[in-house]
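Below is one structure, written out as structure tokens; the observations come after it.
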Ligand SMILES: [Ca+2]
Ligand SMILES: [Ca+2]
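Residue numbers (our numbering): 20 to 433.
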């Protein structure tokens with residue numbers, strides 16, 4: 020029987036003997052030393068991070084491409100219980116620089132696309148090339164070798180390029196993880212929407228889904244036709260870049276969903292009158308108040324472009340301001356449906372969620388309901404949409420093109 024002394028000793032030791040979870044960080048040899056502080060910080064969060072460099076993986080025996088060798092390396096780690104894969108670096112269009120992505124081929128109602136990076140490839144036990152022609156991810160020909168995340172492993176890419184980027188991002192992670200739990204900041208959502216046709220689904224995203232997982236939460240709507248700050252007429256407080264800067268600088272919203280048009284370098288504001296871009300970043304004063312963002316805006320997550328940074332990368336790399344994690348499309352972020360003819364009118368009329376909006380809605384809902392991290396929440400969401408992706412090239416594309424940019428081990432809700 021346990022005596023009183025050993026019982027209290029056991030209580031004292033509990034925090035120290037708690038089993039550590041494992042994460043794998045894939046980065047470049049150049050950036051490896053810069054990650055030391057991040058790895059030390061994660062240890063204090065009970066996460067053991069193992070760092071492996073792309074150079075070491077690429078030197079493995081065999082003629083396979085570097086992405087294929089990374090996939091095989093990741094599989095080895097997953098077998099020994101690794102719970103997160105952190106891709107610790109940017110990528111380039113041809114997948115030869117930094118931490119490469121695997122480009123995948125798509126042919127959908129939206130046309131042909133041969134270069135959509137799919138980081139979920141790295142979680143797959145199979146090589147996405149069933150016909151062995153070296154073209155990866157063909158919906159029909161490679162079907163037998165394509166698998167989707169099962170939700171057991173969290174994945175995210177921190178698209179940094181320099182040691183300074185790593186340092187600035189690590190400081191933001193620390194601030195996020197030490198901010199008070201259950202704060203108004205964490206419980207407050209802001210939805211912004213500049214496109215009238217999207218109002219119904221963006222409303223539903225909160226009303227029918229996320230509000231149910233966050234009863235103590237509060238959402239406000241900054242739509243082109245309504246905002247909490249209107250004076251004389253609904254919508255007279257305009258969605259401009261200046262007013263977006265205020266949203267960040269008010270420190271009110273820990274969770275943002277940005278719905279509207281976009282380009283690599285920024286978000287298009289109401290009636291195309293202004294553009295929130297890199298030139299506004301030095302106006303952001305939100306130190307220690309870093310939101311998590313979901314955005315459907317086209318190309319805002321185009322991390323693998325020749326032009327760098329895309330706006331979401333700039334928001335993540337920005338020291339002492341900007342965002343801490345962003346889910347964004349690396350290409351157009353289209354409204355994907357399994358049956359577009361039936362579902363498009365329902366989207367406009369009743370607010371039926373398209374694949375992109377549904378992914379972002381479930382990301383929040385699953386993450387908050389089950390206390391998941393950002394990377395776990397997005398992969399759980401993809402696991403829920405996997406059956407549709409097997410049936411529909413549109414959903415297959417949807418699962419490939421939406422990425423978590425940021426630390427996948429961050430709790431989504433505090
Ligand atoms: Ca193929
Ligand atoms: Ca980039």
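In this text, a Cβ means the ideal position worked out from N, Cα and C, and glycines have one as well.
- Contact check for residue 204 against residue 273 passes: the beta carbons are separated by less than 7 angstroms.
- Judged by the Cβ position, residue 152 qualifies as a neighbour of ligand 1 at the 6 angstroms threshold, a heavy atom of the ligand being closer than this.
- Per DSSP, reduced to three states, the secondary structure at residue 421 is strand.
- Here the residues close to ligand 2, judged by CB distance below 7 angstroms to any of its heavy atoms, are 109, 110, 178, 322, 323, 324, 327, 328, 329, 332 in chain order.
- A distance below 7 angstroms separates the beta carbons of residue 44 and residue 107.
- By the Cβ-count criterion, residue 161 is buried, with 16 or more other Cβ atoms from all chains shown falling within 10 Å of its own Cβ.
- Relative to the Cα of residue 417, the nearest Cα in the group 276, 80, 139 belongs to 139.
- With contacts defined as CB atoms closer than 7 angstroms, residue 397 and residue 372 fail to qualify as a contacting pair.
- Fewer than three beta-carbon pairs drawn from the stretch 404 to 414 and the stretch 147 to 154 are found closer than 8 angstroms, and the two stretches are therefore not classed as touching.
- Residue 154 carries a coil assignment under DSSP once its states are collapsed to helix, strand and coil.
- In the DSSP assignment, residue 195 falls within the alpha helix (DSSP H) that extends over 182 to 197.
- Taking a contact to require three or more Cβ pairs closer than 8 angstroms, the stretch 66 to 79 and the stretch 211 to 226 do not qualify as touching.
- As DSSP reads the structure, residue 348 sits in a beta bridge with 421.
- Around residue 137, the same chain offers 121, 123, 156, 419 as residues with beta carbons nearer than 7 angstroms, after the five sequence neighbours per side are excluded.
- In the same chain as residue 323, and ignoring 5 residues on each side of it, the C-beta atoms closer than 7 angstroms to its own belong to 110, 111, 112, 120, 136, 349, in chain order.
- The straight-line gap separating the alpha-carbon atoms of residue 52 and residue 126 is approximately 41 angstroms.
- Rounded to whole angstroms, residue 297 and residue 326 show a C-alpha spacing of 13 angstroms.
- Contact holds between the stretch 376 to 395 and the stretch 218 to 235, because three or more Cβ pairs, one in each stretch, are under 8 angstroms apart.
- The alpha helix (DSSP H) runs of length 4 or more contained entirely in the stretch 241 to 283 are, from start to end of the chain, 260 to 268.
- The alpha-carbon separation between residue 181 and residue 351 amounts to approximately 27 angstroms.
- Unbroken beta strand (DSSP E) runs of no fewer than 3 residues, entirely contained in the stretch 53 to 84, are found at 66 to 72, following chain order.
- Relative to ligand 1, even the nearest heavy atom lies 6 angstroms or more away from the CB of residue 373.
- With a beta-carbon spacing of about 18 angstroms, residue 295 and residue 346 fall beyond the 8 angstroms limit used to define contacts.
- C-alpha of residue 354 to C-alpha of residue 224: approximately 14 angstroms in a straight line.
- Within the stretch 319 to 398, complete beta strand (DSSP E) segments of at least 3 residues are found at 344 to 348, given in chain order.
- Under the three-pair Cβ rule at 8 angstroms, the stretch 282 to 296 does not count as touching the stretch 359 to 371.
- A distance below 8 angstroms between beta-carbons, with the five flanking residues on each side excluded, links residue 117 to the following residues of its chain, in chain order: 47, 73, 108, 109, 110, 111, 180.
- Nearest C-alpha to residue 356 among 344, 189, 226, 375: 375.
- If you check the CB distance, residue 211 and residue 277 come in under 7 angstroms.
- Residue 237 has its alpha-carbon roughly 6 angstroms from the corresponding atom of residue 206.
- Cβ-Cβ separation between residue 337 and residue 266: approximately 15 angstroms, too far for a contact (criterion under 8 angstroms).
- Of 85, 360, 275, the smallest CA-CA separation from residue 343 is found for 275.
- Boundaries cannot be given for residue 112, as no alpha helix (DSSP H) includes it and DSSP labels it neither H nor E.
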